[in-house]
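Q: Residues in the sequence shown are numbered consecutively from 602, following this note's numbering.
Backbone N, C-alpha and C define an ideal beta-carbon position, used for all residues, glycine too.
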Amino acid sequence: MSQDNVRVRFAPSPTGPLHMGGVRTALYNYLFAKKNNGTFILRIEDTDQTRFVPGAQDYIIDAFKWCGISPDEGPGIGGSFGPYVQSERKDIYKEYAQRLINAEKAYYAFDTAEELTKMRDEAKKMGMPNWQYNGVSRMSMRNSLTLPQSDVEQLIASKTPYVIRMKMPRNEDIRFEDEIRGWVVVNTNNLDDKVLFKSDGMPTYHLANIVDDHMMKISHVIRGEEWLPSAPLHVLLYDALNWERPKFAHLPLLLRPDGNGKLSKRDGDRLGFPVFPLNWTTIDGELYSGYKEKGYFPDAFINMLAFLGWNPGTQQELFSLQELSDTFGLDRVSKGGAKFDPEKTKWFQQQYIRSSSSKDLAEMLNDAFPAKLSTAERITICELMKERATFVSDIVEDGAYLYQKPIGYDKKVLSKKWKENTPKLIQEWQGIIESIDDFTSSNIESKFKAYLEEKSLGFGAVLLPFRLLVTGVGAGPGMFDIAAFLGKKEVISRMTSGLLEIEKIKNEA
């Protein structure tokens, strides 16, 4: 299949919020399509009606919008191969199940749930805990392979519930080439007779996704590693229906930060980080946090996800969505599980904060800043604080001393850096500040260095106590930039009142 005909799909089930692993699968499909001038399709696979969760489909679409992933075809978008929701396509699947029966590749099974449970229980008693409905056991069950044709016809006519199962051949090697893992070989003796069509008139995922992929002309099936065990069945179904197989690519699992097991939906809030793109509230009112509401930029989230299982082969780590589209390829997707690192995720976010214009950041924080601040002051605060911020909200919260006097003083800095001679040095330095006419950052710094040189003092002897008095904390942007922004009058006021307050704290201690 030529690269001009690349058509890929992301086909989630609306059974709850979209996990970040699902977003990564969608992202890789989207990037692969864009790289190859292809088409990216969103298809909703809701064949399992018992697990359907209201709002889940809207959540998937909203998450895509936030991430900047735009399907070319899908629900609410349209396209020539719709409908794109499987429950709206349910009338087409029975035909293909019947084709498989006619070709003796599938069969009717009339076993009740009670009969199946009984067989499993008896197998356990005989030391067979993993009983399967397969090429051996099927011949002792109630199906169209063991019953007379007349009985089968009568059961169907009387509307006796049945399923349609795949007739798995015995002792055949199924071979297919995975675009990431190379050749995969599985013997059919290790596979069971999977249900293809359920008694409720709906196909299972296995049949529905094969039919839909074929009808929608999907060229590459790019999906999670958890679907690799199902791939041999899907290959057999393509062959049984005489259809051309798409190319398969099974993505590595997302692992917990300690590398021990798959990152699950419940790991995030338990371990202190989101695993969903957006907040999700369950029917019971339980809230799962999302990256958007936690303050992450969508670009940072997408950049982080792209690197969970793929690398560009260069030292570049920051990519726009367009750059990812230009660079992405399945040849650089790893086979092994990708360990999620929440600290690296914060690093990506920090890089995007720093690269944002201070004007844009100020606009984002418009409602968070005190009304008294001018636009120019807000922009300057953003410029000063963004180098140390992880989230936009940090600029206002951690930089509060830039628009209000400190309400306390860092105890650790106070105990370590406030010496017996500190008040005297601070008073001398304050006197110099009072003499500076042009109160710019460079002038303040020049006077400060001259003072230290005259007194043969190190930077820390005065700079840290000075910072503590003015800001209340022991670290932050350049202290001379802070002083210039606050202005001479405010700096002197804070030094005077702060000196009194700290001396009071020292005396009480």
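Mind the definition here: the region 796-814 touches the region 825-843 only if three or more C-beta pairs lie below 8 Å; say whether that holds.
A: Touching, per the Cβ criterion.
Q: When you compare each of 1057, 695 and 950 to residue 707 by their alpha carbons, which one comes out closest?
A: Translated into the one-based positions of the sequence shown, residue 707 becomes position 106. Residue 695 is the option with its Cα nearest to residue 707.
Q: Compute the distance between the beta-carbons of residue 908 and residue 856, then report whether it is under 9 Å.
A: Taking the first residue of the sequence shown as 1, we reach residue 908 at position 307. Taking the first residue of the sequence shown as 1, we reach residue 856 at position 255. In this structure, residue 856 does not lie closer than 9 Å to residue 908 by Cβ.
Q: Quick one, which of 791, 731 and 712 has its alpha-carbon nearest residue 721's?
A: Taking the first residue of the sequence shown as position 1, residue 721 is located at position 120. Checking every option, the nearest Cα to that of residue 721 belongs to 731.
Q: Output yes or no for whether 9 Å exceeds the beta carbon distance between residue 744 and residue 710.
A: Against the sequence shown, residue 744 aligns to sequence position 143. Against the sequence shown, residue 710 aligns to sequence position 109. Yes, Cβ-Cβ distance for residue 744 and residue 710 is below 9 Å.
Q: Please go through the same chain and pick out, in chain order, the residues whose beta-carbon is closer than 7 Å to the beta-carbon of residue 1030, but skip the five residues on each side of it.
A: Translated into positions along the sequence shown, residue 1030 becomes position 429. 1052, 1063 and 1067.
Q: Between 717, 799, 655 and 901, which lies nearest to residue 763 when the distance is taken from Cα to Cα?
A: Taking the sequence shown and counting its residues from 1, the one referred to as residue 763 is at position 162. Ranking 717, 799, 655 and 901 by Cα distance to residue 763 puts 799 first.
Q: To the nearest angstrom, how far is it from the Cα of residue 859 to the Cα of residue 651?
A: Stepping through the sequence shown from its first residue, residue 859 is reached at position 258. Stepping through the sequence shown from its first residue, residue 651 is reached at position 50. Cα to Cα, residue 859 sits roughly 34 Å from residue 651.
Q: On the premise that residue 734 lies in contact with residue 794, defined as a C-beta separation below 8 Å, what is that separation, rounded to the nearest angstrom?
A: Here residue 794 refers to the residue found at position 193 of the sequence shown. Here residue 734 refers to the residue found at position 133 of the sequence shown. Confirmed, Cβ separation roughly 5 Å.
Q: What did DSSP end up calling residue 641 once you bin it into helix, strand or coil?
A: Stepping through the sequence shown from its first residue, residue 641 is reached at position 40. In the structure shown, residue 641 sits in a strand (DSSP, three-state: E or B).
Q: Skipping 5 residues on each side, what residues in its chain have a beta carbon closer than 8 Å to that of residue 757?
A: To locate residue 757, count along the sequence shown from 1; it is residue 156. Within the same chain, residue 757 has close Cβ partners 709 and 763.
Q: With 9 Å set as the bound, which would you pick, yes or no: does the beta-carbon of residue 822 sit closer than that to a beta-carbon of chain B?
A: Any reference to chain B falls outside this structure, which holds one protein chain only.
Q: Excluding five sequence neighbours on each side, which residues of the same chain lie with their C-beta closer than 6 Å to the C-beta of residue 705?
A: To locate residue 705, count along the sequence shown from 1; it is residue 104. Hits under 6 Å: none found.
Q: According to DSSP, simplified to helix, strand and coil, what is residue 764?
A: As a working note, residue 764 is residue 163 in the sequence shown. In the structure shown, residue 764 sits in a strand (DSSP, three-state: E or B).
Q: Given that a residue counts as buried once 16 or more other Cβ atoms are within 10 Å of its Cβ, and exposed if not, what is residue 729?
A: Counted from its first residue, the sequence shown places residue 729 at position 128. Burial call: exposed.
Q: What residue from 643, 989 and 851 has the CA that sits closest to residue 934's CA?
A: In the sequence shown, residue 934 corresponds to position 333, counting from 1. Taking only the C-alpha atoms, the option nearest residue 934 is 851.
Q: Span of the beta strand (DSSP E) holding residue 622?
A: Within the sequence shown, residue 622 is the residue found at index 21, counting from 1. Not the beta strand (DSSP E): residue 622 falls in the alpha helix (DSSP H), residues 621-636.
Q: With a Cβ-Cβ cutoff of 9 Å, do residue 779 and residue 789 count as a contact?
A: Sequence index remark: in the sequence shown, residue 779 carries index 178 (1-based). Sequence index remark: in the sequence shown, residue 789 carries index 188 (1-based). The answer is no: Cβ separation not under 9 Å.
Q: Out of 922, 1059 and 1035, point me to the one whose CA is closest to residue 1084's CA.
A: Locating residue 1084 in the sequence shown gives position 483, where the first residue counts as 1. If we check each option's Cα against that of residue 1084, 1035 comes out closest.
Q: Which stretch, first to last residue, makes up the alpha helix (DSSP H) that contains residue 1060?
A: Looking up residue 1060 in the sequence shown gives position 459. Residues 1060-1072.
Q: Could you pull out every residue in the same chain whose Cβ sits closer than 7 Å to the Cβ of residue 1090, ignoring the five residues on either side in sequence?
A: In the sequence shown, residue 1090 corresponds to position 489, counting from 1. Excluding residues within five positions, none has a Cβ falling inside 7 Å.
Q: Around the Cβ of residue 766, are there at least 16 other Cβ atoms within 10 angstroms (buried) or fewer (exposed)?
A: Stepping through the sequence shown from its first residue, residue 766 is reached at position 165. Result: buried.
Q: So the candidates are 805, 776, 666 and 737; which of them puts its Cα closest to the Cα of residue 690?
A: Mapped onto the sequence shown, residue 690 falls at position 89. Of the candidates 805, 776, 666 and 737, the one whose C-alpha sits nearest the C-alpha of residue 690 is 805.
Q: Grouping DSSP H, G and I as helix and E and B as strand, with all else coil, what is residue 898?
A: The residue labelled residue 898 in the question sits at position 297 within the sequence shown. The answer is coil: DSSP assigns residue 898 none of H, G, I, E or B.
Q: Measure the alpha-carbon distance for residue 717 versus residue 616 and round it to whole angstroms.
A: Counting from 1 along the sequence shown, the entry for residue 717 is found at position 116. Counting from 1 along the sequence shown, the entry for residue 616 is found at position 15. Cα to Cα, residue 717 sits roughly 26 Å from residue 616.
Q: With distances taken between CB atoms, is the gap from residue 660 to residue 854 smaller than 9 Å?
A: The residue you call residue 660 lines up with position 59 of the sequence shown. The residue you call residue 854 lines up with position 253 of the sequence shown. No.
Q: Any idea if residue 618 is buried or exposed, counting beta-carbon neighbours within 10 angstroms, 16 or more meaning buried?
A: On the sequence shown, residue 618 is found 17 positions in, with the first residue counted as 1. Classification of residue 618: buried, given that the 10 Å Cβ count is 16 or more.
Q: Beta carbon of residue 629, beta carbon of residue 1069: below 9 Å?
A: By 1-based counting over the sequence shown, the position of residue 629 is 28. By 1-based counting over the sequence shown, the position of residue 1069 is 468. Not closer than 9 Å, so no.
Q: Can you check DSSP and say which residues form a bridge with residue 1019?
A: Your numbering for residue 1019 matches position 418 in the sequence shown. Residue 1019 pairs with nothing; no bridge assigned.
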